[in-house]
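Trainee:
There are 2 protein chains.
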Amino acid sequence: MGNMNRQWRLTKRPVGEDFDDCLVFGEEPIGTPGDDEILVKNLHISLDPANRVWMNEGDSYKAAIPLGGVMEAFCVSIVAESKSPDFIVGDVLYGFGHWEDYTVTDGAGWEPAPDIGAAPFSAHLGVFSVVGPTAYVGLLDVCDPQPGETVVVTTAAGAVGSLVGQIAKIKGCRVVGITGSDEKCTWMTQELGYDAAINYKTESVFKALLKHCPDGIDCHFEQVGDAKVLDAVLTQLNQYGRISLCGWISGYNATAPIAGPSGLANLVMKRGKMQGFIVLDFPERIAQSHTDMRQWIEDGKLKYRVDVVDDLSGAVEALHTLYAGTNKGKLIVKVQDDPLLG
Amino acid sequence: MGNMNRQWRLTKRPVGEDFDDCLVFGEEPIGTPGDDEILVKNLHISLDPANRVWMNEGDSYKAAIPLGGVMEAFCVSIVAESKSPDFIVGDVLYGFGHWEDYTVTDGAGWEPAPDIGAAPFSAHLGVFSVVGPTAYVGLLDVCDPQPGETVVVTTAAGAVGSLVGQIAKIKGCRVVGITGSDEKCTWMTQELGYDAAINYKTESVFKALLKHCPDGIDCHFEQVGDAKVLDAVLTQLNQYGRISLCGWISGYNATAPIAGPSGLANLVMKRGKMQGFIVLDFPERIAQSHTDMRQWIEDGKLKYRVDVVDDLSGAVEALHTLYAGTNKGKLIVKVQDDPLLG
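Chains as they are written, first to last, in my numbering: chain E, 594 to 935; chain L, 594 to 935.
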């Protein structure tokens, strides 16, 4: 690599899932940090469904990626050079970074990575940085599930969903996961301890929920935004039911409005709550989530899978697997190693 | 009337708004209270959009009215006979009662009416009993509007909506009301002090909201469930926006599912909240709502209109006006006077 910086730049706005021609792979010289700046070396970058939303022209929960700018992602990186009093070379950081080898930054939005105990380095993006805290606050802070309550999870074998379901089990809930393959269903019930699993491609979600949620649904963790699934949940929602909206994958690549659930009236009748969130809304809860998750992993109560793509050049192709549902665990691109980490 | 008790009984389950043949007017002898029971004389009964929901077979937020049972409503009544140590003759009560002259009850669900100051008797159902506390907790407790924020209200000239908008003004908000006639628009802006009014029948709600909510929408009070209006609001919702779901009139007479809003994804992006409620969920707030409303009425800050139907026999016909939007204020049926009230 020498002193070149490989990177993916967003050169036009995609329509639908057709983003292959919009992201261009190239390289340019590595930047040099100025006063109070640092150069971070990106080790792993996280691929997440919401990345697609950031490519749109309008701002979402974060500013849109500017045309011509380097594609963005959540990263785990190491400080390679520092002209800032706040960072020293070798610090491992979490932050909103870019699809590239090296990034010059003033450090805003970058935080020291937590102690992850005996977990392997891939657990940074696999559990600790974004997906774990997202599952943790989205379930515990938005839904506040109580022991004995029934929790339903969509994309329940996914990076976030699989943690949501396991945390709900740890909290003493009945957990029913919805996913799109029998293999994932088996993994959820046999490995993750879910009480039941539903394959939405082969079963009626409404009937399956009726069967697996005999006491109704108290909490629901939504990531897809499929009207039929949401209607099935809304219809069976218990009084004071809570629906946590973590994502809306069905809409990220949509080129026309998608009909919404017709059952929202039941939110009135059952005095239910439906609330969107992102993990950044709960900064005061992140440290606790790290502590709990480290403990649960050590105790064997929290399992996770990572799907590591071995080269930055494969990032675009890998991103498609999230929408096809063919990735096998938290999708991570390994950009490079660092000798400081041994 | 002698000692006969006029009443409306629900004899079959309606389909859609076709409930005229399902409610039968008749009379039978007035009941006699047993030990620990009272006989209440119903003075005013409240007609509300949700009454239609109670006629369905399934339970809603309250038990369905049994077939053959007397139609139910919120009432203001006076104790005519008491064999209970908890009530004395002449007590004015609020409670879930029936469409009839007299009701025998053990007193469960009946509470003493509050002091309404110098307001006329019609203010009991016009403001104090249900619509006022509903507006109060639905806006203040569910949405928690802050001074300077923008609040949008649907059926904004209605019994609840007109109070929501005025309370939001009292709290220092910008208020935009959505309604279905120019006359109501004029009333809202010229009499109630709303900052803007939108006639959804003659204007694009999306464009009108864009014009009247230059800083976006922070709080929304929903009573209709129209997907187009909800989409217009969701699209313009600010970060951490709050949507209070008070009712879903569009669904009460529906005979087939109605498509929901397609813009729910924006609840995720903006970390918005959508929450259903009924006033019964906030028992600890009712007394404060009465105190505040009495003061606001005395100060001329809270105006209301009542639409009093003068005879119990006209109740069914009157109920239709709620769905047509042709009533002129809170719809009340005056059942009878009482000499004890002077």
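From the three backbone atoms N, C-alpha and C, an ideal C-beta is built for every residue, glycine too.
(1) Pick helix, strand or coil for aspartate 611/E, following the three-state DSSP scheme.
(2) Comparing alpha-carbon positions, which option in Asp699/E, Lys634/E, Pro876/E and Thr604/E lies nearest alanine 673/E?
(3) So, for valine 685/E: in the same chain, excluding its five sequence neighbours on each side, which residues have a beta-carbon less than 6 Å away from its beta-carbon?
(4) For tyrosine 833/L, count the other beta carbons within 10 Å of its own beta carbon; 16 or more makes it buried, fewer makes it exposed. Which is it?
(5) Spell out the partners DSSP gives isoleucine 791/E in its beta bridges.
(6) Which residues in chain E have a C-beta closer than 8 Å to the C-beta of tryptophan 647/L? List them in chain order.
(7) Using the beta-carbon of each residue, which ones in chain L are nearer than 9 Å to aspartate 874/E?
(8) Determine which residues share a DSSP beta bridge with serine 837/E and list them.
(9) Nearest to aspartate 811/E by CA position, among Ala852/E, Lys863/E and Lys777/E, is which residue?
(10) Using a Cβ-Cβ cut-off of 7 Å (strictly less than) and excluding sequence neighbours within five positions of glutamine 829/L, which residues of its own chain qualify?
(11) Spell out whether any CB of chain L is found under 9 Å from the CB atom of cysteine 839/E.
(12) Since I believe leucine 632/E is in contact with tyrosine 695/E (beta carbons under 8 Å), could you give me their beta-carbon distance rounded to a whole number of angstroms?
(13) Quickly, what does DSSP pair valine 633/E with across the bridge? List them, please.
(14) In angstroms, rounded to a whole number, what distance separates the CA positions of glycine 609/L and alanine 849/L?
(15) May I ask you to list, following chain order, the residues of the region 650 to 673 of chain E that have a beta carbon less than 7 Å from some beta carbon of chain L?
(16) Run through chain L and tell me which residues come within less than 7 Å of serine 855/E, C-beta to C-beta.
(17) Pull out every residue of the region 723 to 750 of chain E whose Cβ sits closer than 7 Å to any Cβ of chain L, in chain order.
(18) Please determine, among Gly818/L, Phe680/L and His913/L, the residue with the shortest C-alpha to C-alpha distance to glycine 844/L.
(19) Measure the beta-carbon distance from phenylalanine 875/E to aspartate 734/E and round it to whole angstroms, keeping in mind my assumption that it falls under 8 Å.
(20) Once the 5 residues before and after lysine 923/L are set aside, which same chain residues still bring their CB inside 6 Å of it?
(21) Taking 8 Å as the threshold, find out whether the region 834 to 843 of chain E comes into contact with the region 767 to 780 of chain E through three or more Cβ pairs.
(22) Would the beta-carbon of isoleucine 851/E fall within 9 Å of that of tyrosine 916/E?
(23) Touch check for the region 853 to 870 of chain E and the region 867 to 882 of chain L: three-plus C-beta pairs under 8 Å?
(24) Since I believe valine 757/E is in contact with leucine 732/E (beta carbons under 8 Å), could you give me their beta-carbon distance rounded to a whole number of angstroms?
(25) Take lysine 762/E and list the residues in its own chain whose beta-carbon comes closer than 6 Å to its own, dropping the five residues that flank it on each side.
(26) Any idea which residues DSSP pairs isoleucine 925/E with across the strands?
(27) Whose Cβ in chain E lies nearer than 9 Å to the Cβ of leucine 860/L?
(28) State buried or exposed for glycine 651/L, treating a residue as buried only when at least 16 other CB atoms are found within 10 Å of its CB.
(29) Determine, for aspartate 824/E, whether the minimum Cβ-Cβ distance to residues of chain B falls below 9 Å.
(30) Are there 16 or more other CB atoms within 10 angstroms of the CB of isoleucine 681/E, so buried, or fewer, so exposed?
(31) Who are the Cβ neighbours of lysine 921/E in its own chain at under 8 Å, not counting the five residues just before and after it?
(32) Secondary structure at threonine 747/L, three-state DSSP: helix, strand or coil?
(33) Determine, for glycine 754/E, whether the minimum Cβ-Cβ distance to residues of chain L falls below 9 Å.
(34) Taking DSSP as the reference, what is the three-state secondary structure of valine 757/L?
(35) Give every residue of the same chain whose Cβ lies closer than 6 Å to the Cβ of valine 822/E, excluding the five residues on either side of it in the sequence, and list them in chain order.
(36) Hey, is glycine 809/E's beta-carbon within less than 9 Å of any beta-carbon in chain L?
Mentor: If we stick to the structure as given:
(1) Mapped onto the first sequence, residue 611/E falls at position 18. DSSP, read as helix, strand or coil, puts aspartate 611/E in strand.
(2) Against the first sequence, residue 673/E aligns to sequence position 80. For the residues Asp699/E, Lys634/E, Pro876/E and Thr604/E, the minimum Cα distance to alanine 673/E belongs to Lys634/E.
(3) Here residue 685/E refers to the residue found at position 92 when the first sequence is read from its first residue. Excluding sequence positions up to five before and after valine 685/E, its CB lies within less than 6 Å of the CB of Ile671 and Ala706, all in the same chain and listed in chain order.
(4) The count along the second sequence starts at 1 and reaches residue 833/L at position 240. Label assigned to tyrosine 833/L: exposed.
(5) Along the first sequence, one-based indexing puts residue 791/E at 198. DSSP lists Ile771/E as partners of isoleucine 791/E.
(6) Indexing the second sequence from 1 puts residue 647/L at position 54. Simply none; closest approach about 11 Å.
(7) By 1-based counting over the first sequence, the position of residue 874/E is 281. Those within 9 Å of aspartate 874/E in chain L are Tyr833 and Arg864.
(8) Locating residue 837/E in the first sequence gives position 244, counting from the first residue. Residue pairing for serine 837/E: DSSP places it in a beta bridge opposite Phe814/E and Gln868/E.
(9) In the first sequence, residue 811/E corresponds to position 218, counting from 1. The shortest C-alpha separation from aspartate 811/E is found at Lys863/E.
(10) Against the second sequence, residue 829/L aligns to sequence position 236. For glutamine 829/L, where only same-chain residues beyond five positions count, the Cβ hits under 7 Å are Leu802, Leu803, Cys806, Gly809 and Ile810.
(11) As a first step, residue 839/E is located in the first sequence; it is residue number 246 there, counting from the start. Using beta-carbon distances, cysteine 839/E counts as an interface residue toward chain L, with a partner under 9 Å.
(12) Stepping through the first sequence from its first residue, residue 695/E is reached at position 102. Stepping through the first sequence from its first residue, residue 632/E is reached at position 39. Contact flag correct, Cβ pair sits at about 6 Å.
(13) As a working note, residue 633/E is residue 40 in the first sequence. In the DSSP output, where bridge partners are listed per residue, valine 633/E has Val672/E and Thr696/E.
(14) Sequence index remark: in the second sequence, residue 609/L carries index 16 (1-based). Sequence index remark: in the second sequence, residue 849/L carries index 256 (1-based). The straight-line gap from Cα to Cα measures roughly 9 Å.
(15) Result list: Ser653 and Tyr654.
(16) One-based indexing of the first sequence puts residue 855/E at position 262. Close to serine 855/E, with beta-carbon spacing below 7 Å, are these residues of chain L in chain order: Pro850, Ile851, Ala852 and Gly853.
(17) Taking 7 Å as the Cβ-Cβ cut-off against chain L, none of the residues of the region 723 to 750 of chain E qualify.
(18) Translated into positions along the second sequence, residue 844/L becomes position 251. Restricting attention to Gly818/L, Phe680/L and His913/L, the CA atom closest to the CA of glycine 844/L is found in Gly818/L.
(19) For this step, residue 875/E is matched to residue 282 along the first sequence. For this step, residue 734/E is matched to residue 141 along the first sequence. Distance from phenylalanine 875/E to aspartate 734/E at the Cβ level is roughly 6 Å; contact confirmed, criterion being Cβ atoms closer than 8 Å.
(20) Reading the second sequence from its first residue, position 330 is the one you call residue 923/L. Hits under 6 Å: Gly719, Val724, Ala752 and Val899.
(21) No: the two stretches stay apart, fewer than three of their Cβ pairs being nearer than 8 Å.
(22) Here residue 851/E is taken as the residue at index 258 of the first sequence, counted from 1. Here residue 916/E is taken as the residue at index 323 of the first sequence, counted from 1. Judged by their CB atoms, isoleucine 851/E and tyrosine 916/E are not nearer to each other than the 9 Å cut-off.
(23) At 8 Å Cβ cutoff, the stretches touch.
(24) Position 139 of the first sequence, counted from the first residue, corresponds to residue 732/E. Position 164 of the first sequence, counted from the first residue, corresponds to residue 757/E. Rounded, the Cβ-Cβ distance is 5 Å, consistent with contact.
(25) Your numbering for residue 762/E matches position 169 in the first sequence. Taken in chain order, the residues that qualify are Val768 and Gly786.
(26) Here residue 925/E refers to the residue found at position 332 when the first sequence is read from its first residue. Within the DSSP secondary-structure output, isoleucine 925/E pairs in a beta bridge with Ser639/E and Val901/E.
(27) Start at 1 with the first residue of the second sequence, and residue 860/L comes out as number 267. Leu838, Trp841, Met867, Gln868 and Gly869, listed in chain order.
(28) Indexing the second sequence from 1 puts residue 651/L at position 58. With fewer than 16 Cβ atoms within 10 Å of its Cβ, glycine 651/L is classed as exposed.
(29) In the structure shown, chain B cannot be found, because the protein chains are E and L.
(30) Here residue 681/E corresponds to residue number 88 of the first sequence, with the count starting at 1. Label assigned to isoleucine 681/E: exposed.
(31) Taking the first residue of the first sequence as position 1, residue 921/E is located at position 328. When the five nearest sequence neighbours on each side are left out, the beta carbons in the same chain lying within less than 8 Å of the beta carbon of lysine 921/E are those of Arg898 and Asp900, in order along the chain.
(32) Position 154 of the second sequence, counting from 1, holds the residue named residue 747/L. DSSP places threonine 747/L in coil when its eight states are reduced to three.
(33) The sequence position of residue 754/E within the first sequence is 161, counting from 1. Closer than 9 Å: no.
(34) What you label residue 757/L is simply residue 164 of the second sequence in a count that begins at 1. In this structure, valine 757/L counts as helix in the three-state DSSP scheme.
(35) For this step, residue 822/E is matched to residue 229 along the first sequence. In its chain, beyond the 5 residues on either side, Val798 have a beta carbon closer than 6 Å to the beta carbon of valine 822/E.
(36) Walking along the first sequence from the start, residue 809/E turns up at place 216. No - not a single Cβ of chain L is within 9 Å of the one on glycine 809/E.
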